[in-house]
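Chains as they are written, first to last, in the working numbering: chain A, 1 to 334; chain B, 1001 to 1334; chain C, 2001 to 2334; chain D, 3001 to 3334.
4 protein chains.
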Amino acid sequence: MLRWEPDPEADPAGQVYTFGGAAPVATLAPGSLLDTWTLDCFGGRVTSVDHLASQRVDPRYLNPQTGPFWVEGAEPGDAVAVHFASITPRYARGVSSTVPFFGALTSTGRTMTLQPALQERTWVYEIDVPGGVVRYAALDSPFTADLPLDPMHGTVGVAPPLGEVRSSLTPGSWGGNMDTPEMRAGTTCYLGVNVPGAMLSLGDGHARQGEGETCGVAVECAMDTVVAVDLVKGVGPAWPRLEDDTHIMVVGSARPLEDAFRIAHAELVAWVAELTGLSLLDAYQLVSQTALTPVANVVDTDYSVVAKVPKSVLGAVSVMGGAHERLQALGGRA
Amino acid sequence: MLRWEPDPEADPAGQVYTFGGAAPVATLAPGSLLDTWTLDCFGGRVTSVDHLASQRVDPRYLNPQTGPFWVEGAEPGDAVAVHFASITPRYARGVSSTVPFFGALTSTGRTMTLQPALQERTWVYEIDVPGGVVRYAALDSPFTADLPLDPMHGTVGVAPPLGEVRSSLTPGSWGGNMDTPEMRAGTTCYLGVNVPGAMLSLGDGHARQGEGETCGVAVECAMDTVVAVDLVKGVGPAWPRLEDDTHIMVVGSARPLEDAFRIAHAELVAWVAELTGLSLLDAYQLVSQTALTPVANVVDTDYSVVAKVPKSVLGAVSVMGGAHERLQALGGRA
Amino acid sequence: MLRWEPDPEADPAGQVYTFGGAAPVATLAPGSLLDTWTLDCFGGRVTSVDHLASQRVDPRYLNPQTGPFWVEGAEPGDAVAVHFASITPRYARGVSSTVPFFGALTSTGRTMTLQPALQERTWVYEIDVPGGVVRYAALDSPFTADLPLDPMHGTVGVAPPLGEVRSSLTPGSWGGNMDTPEMRAGTTCYLGVNVPGAMLSLGDGHARQGEGETCGVAVECAMDTVVAVDLVKGVGPAWPRLEDDTHIMVVGSARPLEDAFRIAHAELVAWVAELTGLSLLDAYQLVSQTALTPVANVVDTDYSVVAKVPKSVLGAVSVMGGAHERLQALGGRA
Amino acid sequence: MLRWEPDPEADPAGQVYTFGGAAPVATLAPGSLLDTWTLDCFGGRVTSVDHLASQRVDPRYLNPQTGPFWVEGAEPGDAVAVHFASITPRYARGVSSTVPFFGALTSTGRTMTLQPALQERTWVYEIDVPGGVVRYAALDSPFTADLPLDPMHGTVGVAPPLGEVRSSLTPGSWGGNMDTPEMRAGTTCYLGVNVPGAMLSLGDGHARQGEGETCGVAVECAMDTVVAVDLVKGVGPAWPRLEDDTHIMVVGSARPLEDAFRIAHAELVAWVAELTGLSLLDAYQLVSQTALTPVANVVDTDYSVVAKVPKSVLGAVSVMGGAHERLQALGGRA
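Here you go:
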């Protein structure tokens, strides 16, 4: 097991805010565990309802990532398998906010209008890990609500193709800021490798998140996380694949949102055909009747959609060389 | 209880294929039951894997509707509440197909390309109502899969505003072809009334459907359906609202898909604010952390997205004057 | 020549606000002239900078159309050719405005956000027909600018297919609210006929309009208009085609805007192939290097894009049976 | 004047294919000329109708750029002004092609469908510089057409913000692959500086291009180009601004295409307000009636739209400190 910690005292400029473009911080052996933690998307600088991110965080320094890690032996064309063994809020507090010209229900720097921004506000959530509760408290009335704790990582990714370096605010074929609640403990994420060593990073912990991350900010918190990492040689997927005990999934990221849907479903149809031996049209038909399609985010620089089918409809199949079961067992030993 | 039956022997041109534009077939009293059935989207003319819809169905005569029914006392500004008490496949068979230039994973008459169409194929599903099973059988290999029966209506709607008459292939603020699996037995749908009498119709039964209805065609079948209908005076919603025992929901329909998302979420935020007394920004925040957002369809002339929140996070609220509970009790007497 | 006049004193509810769904007001013989006029989009009820459309116009009664006219002998599959012989502002005044939640640079009822609307304002333009000038005057400063007069019709269309009735605020395959400055005197518009008699209407005069109609409202004015109308049997185009002395054009209308682009270009490629005998890929190549693509509107319920190529690159071709030249000659006799 | 030449014999991997991420090749003094040339988008490796790009060009090595050049004194917040003094095809031949799953009238890696790709073909154009002609020759028939020569650069850009490195196939706020015919000799392009030295590059010459670059490939050719470069301190625009003798313009790049439109128009409205002293709503109104909006490209990873207004409607204004006139004079001395 590799234990690696970010330095929260470092100058913000000293953290990593991109996929690609940074030197590796450590090396991971395939088939091993990484025990680490991640800063929240604001680098821990927003902690009270009186804190406005726009005043406390340099916009160049949002969404710091833990990593990148060099995965030994990873070559373009391989898949890195990242199994989330445990994801636990590090502190008893999470924060959310509205951000000027960011979010699904406001005009933005792309869906540009002449209207003024919505008011910037900050919400603070109590997190009760043993109780499994995230407590919402309204700002303008005494209303509160206890929501189920459901920790996840908004970001996990590798270096992009074509020599690009992409902001950690962006999702894509390399993973990145997909912001799907499916990225919870128990899920294995398969990412196609674009550069030697893969350059794996993760961050952007959420104590919970609605599907779509509508206001653009989930219940953001630092996370203690253990991942089990492996390499599946020669089967690098074009887009991120996920697997849990019951479903296989693909995450598509693009704009407009229907293109994210098309990517997720077209890749899922091809994967189902490959797993089952079905013809492409037969797989299209089976996916059409069995898919669940939860929206992931409609706020990032590209939007993300998850397409998933139950393993139960696929018959006896071997998914990604059995990496999920293997890493689950490895993670269980953490 | 009103018993009304379509005439399946009628000339295809004798069925109704629009929302708006047709004379009422019967009158419904608020607080009463309607026991009826609906033809499948092909008017029952596709029943074998050797049948191609393009050869057997005039494209002007797709998706026949049962109705419209005049709802007594319905005036613009009211809501018609339609509770699905039971939805049962009428026959032991459902069909699906690929349709040239229709569906999410093909170019279409709008997302127009120069590529040839995908091959037109028809799949036939055995439906075992007592067993709760819909049986998929591949065309190009011996693969089969038993899928859970989950009957629903693709369409339910009223006459549109602005004097428009809209094809039953289209969803919108009036309901119509929303194609969401949430429209199952146990759900109440609230539709804003645009014309006196509301002019309620329904159809397009699906034995089951994946989220997104990816190939454009679900497991289509004729349905025996009982609905309990009521009127909620003076609170006609701008977009269709749904309610079941655990969630409130809004269906947004538009292109691009993010606009369907925006409509569903903005209307849900406003509804949550109205129910709870939360400020708009507090409601935005609560929805952002608690919403589920299953895609409904990405194939119709406009796309549909469902946004839903659990009632459990709203505290003690009274939804649409308690119509859901009232109609559920009424439906239970069917 | 048929002379037909709308009745501006009629109750607003007495005007026609749809394509389809209205009885014909008169009959046109192919190869004849129609001399008529059209009310402005506000029915003449906004005439001063102190008038707000939201206070003076019932939103059900926007964009009144002159017509529909029954075109003798028009059958589904034919094209109606409408040549604009002259378009002249009827009064010395035009108006424009911002409309709450309507326009390209504001959130709308579809691109829905939680932001408040932009302020509603009305601008009045002096129109000097002999001088060819439309005079802009700022509301908040003394700035003025003389703009070239360039009269056009925002709407021209026939009854839609599938038994639909569509608002005159909407463009589509039947024409309608395309809002392109190309619809000026000298242009011939070809519309595919969907119902016997075609049911031709026109309206929504603009003294001038920018490409995109960005704020959603052009320099709106009543228009004195003469059109020459003919029938081209058996060649009804799927989408509106335009022709002037130098270019052939197609107008595509859809959302997102790239689908409007795809429709316009795919139909233009097919048309060029048909005219020149080029293979589809050769026509794709030729259009790719020679097309002009002015945006028409990004504000209506669907957006419109024009794709056009110079006739000069096509060699000697006969367009739509020579209807443009024939109607131009006919119009010259008005 | 700086004379700098790319090395066409270098290993493809030795060229630069990104904005950002590369060391400067030379230093430019503000107020000076750069005399250089650019390879075509295929690096000169496609020269015959028998050459298929997919077989001759490594997809990692498309669209090589000349540069980046360090602009002396350029700091974040400044604008680099790049005036195209002359753009001349270097050879008597240009090429175009269809590329599998790339272009506006095909499904792509984002607008993903299950259809097979269009056939890959290559067209070769004779370029007659003195005659001002680009000669189209069909592949499947003897048809030819002489098209006007109208040389332009598809790409010109600086290093992006947020530490990103972006492929030269992508347009954005930093410029890049905007693919607009407006980038011709006589135009000045203003780019906001994101990093010290700006890191200016250019490439992707087109002998001519239709608006939209429909098939995804213009008449590609190596270009001999002279640019006059200056720095405008402290007024770095958020999005690329263009100026020629008659118009000011903004290029917006995003998906869906309406967001590119919104960016271009919102930035143009703000610029017009700033130049004229008009209020924002008055400027919105003026732009709405006077803008031209030619589509640039609907094929790249983001799409681009140009919004432009004639200087003549703005009154006497000073644009970007008079850089256009100053650089035009400088370029005239080349």
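C-beta: ideal position from N, C-alpha, C; glycine also.
Interface criterion met: the Cβ of Thr-2018 (chain C) is under 7 Å from a Cβ in chain B. One Cα belongs to Pro-3008 (chain D), the other to Asp-1179 (chain B), and the distance between them is close to 56 Å.
By the Cβ neighbour-count rule, Asp-2302 (chain C) is buried, with 16 or more other Cβ atoms within 10 Å of its own. Each of C:Gln-2285, C:Ser-2288 and C:Leu-2292 was checked against the Cα of His-2247 (chain C), and the nearest Cα belongs to C:Leu-2292. Residue pairing for His-1206 (chain B): DSSP places it in a beta bridge opposite B:Met-1152 and B:Glu-1220. Taking the CA atoms as reference points, Gly-43 (chain A) sits about 12 Å from Val-95 (chain A). Here Val-3229 (chain D) really is in contact with Pro-3030 (chain D); their C-beta atoms are around 7 Å apart, less than 8 Å. Rounded to the nearest whole angstrom, the CA to CA distance from Val-1287 (chain B) to Lys-1311 (chain B) is 11 Å. Here the C-alpha atom of Gln-1285 (chain B) lies approximately 9 Å from the C-alpha atom of Val-1269 (chain B).
Using a CB distance cut-off of 7 Å, Val-3165 (chain D) counts as an interface residue toward chain A. With distances taken between CA atoms, Phe-69 (chain A) lies nearest to A:Val-227 out of A:Arg-255, A:Val-250, A:Asp-244 and A:Val-227.
Where His-247 (chain A) is concerned, the enclosing beta strand (DSSP E) starts and stops at 247 to 254. A residue is called buried once 16 or more other Cβ atoms fall within 10 Å of its Cβ, and Gly-3103 (chain D) is buried on that count. About 43 Å separates the CB atoms of Pro-2256 (chain C) and Pro-142 (chain A); that is not less than 8 Å, and the two are not in contact.
Inter-residue distance for Thr-2108 (chain C) and Glu-1267 (chain B) is about 13 Å (C-alpha atoms, whole angstroms). Contiguous beta strand (DSSP E) elements confined to the stretch 3285 to 3309 of chain D occur at 3295 to 3297, taking only those with 3 or more residues.
Looking at the backbone, the Cα of Tyr-2061 (chain C) and that of Leu-1281 (chain B) are separated by about 34 Å. The criterion of a C-beta distance shorter than 7 Å is not satisfied by Val-2235 (chain C) and Leu-2275 (chain C).
At least one CB of chain A lies nearer than 7 Å to the CB of Phe-1143 (chain B). Membership of Val-1269 (chain B) in the alpha helix (DSSP H) is indicated by the continuous run 1257 to 1276. Take the alpha-carbon of Arg-110 (chain A) and the one of Asn-2297 (chain C): they are about 18 Å apart. Under the 8 Å Cβ criterion, the stretch 3184 to 3192 of chain D counts as touching the stretch 3083 to 3092 of chain D, having at least three qualifying pairs. When DSSP assignments are scanned along the stretch 2037 to 2077 of chain C, the uninterrupted stretches of beta strand (DSSP E) that are 3 or more residues long and fall wholly within it turn out to be 2065 to 2071. For the stretch 2087 to 2111 of chain C, the set of positions with a beta-carbon nearer than 7 Å to some beta-carbon of chain A reads Leu-2105, Thr-2106, Ser-2107 and Thr-2111 in chain order.
The Cβ-Cβ distance between Pro-171 (chain A) and Pro-1294 (chain B) does not fall below 7 Å. With 16 or more neighbouring CB atoms inside 10 Å of its own CB, Gly-1192 (chain B) falls in the buried class. Within the model, the alpha-carbon separation for Tyr-3125 (chain D) versus Leu-3034 (chain D) is close to 28 Å.
A straight line joining the alpha-carbon of Ser-304 (chain A) with that of Asp-11 (chain A) spans about 31 Å.
Legend: CB atoms of the stretch 1253 to 1266 of chain B lying less than 7 Å from CB atoms of chain C belong to residues Ala-1254, Arg-1255, Pro-1256, Asp-1259, Arg-1262, Ile-1263 and Ala-1266.
If you check the CB distance, Leu-2231 (chain C) and Gly-2073 (chain C) come in under 7 Å. DSSP places Leu-3327 (chain D) in no beta strand (DSSP E) but in the uninterrupted alpha helix (DSSP H) bounded by 3323 to 3332. Contiguous beta strand (DSSP E) elements confined to the stretch 1173 to 1198 of chain B occur at 1175 to 1177 and 1188 to 1192, taking only those with 3 or more residues.
Apart from the 5 residues on each side of it in sequence, Val-2217 (chain C) sits with its Cβ closer than 6 Å to the Cβ of Ser-2096 and Ser-2097 in its chain, given in chain order. Here Pro-1148 (chain B) is exposed, its C-beta having fewer than 16 other C-beta atoms within 10 Å. DSSP places Pro-1089 (chain B) in the uninterrupted beta strand (DSSP E) bounded by 1079 to 1089. Sequence-distant Cβ neighbours of Val-1299 (chain B) in its own chain, meaning closer than 6 Å and more than five residues away, are Gly-1103, Ala-1104, Glu-1213 and Gly-1216.
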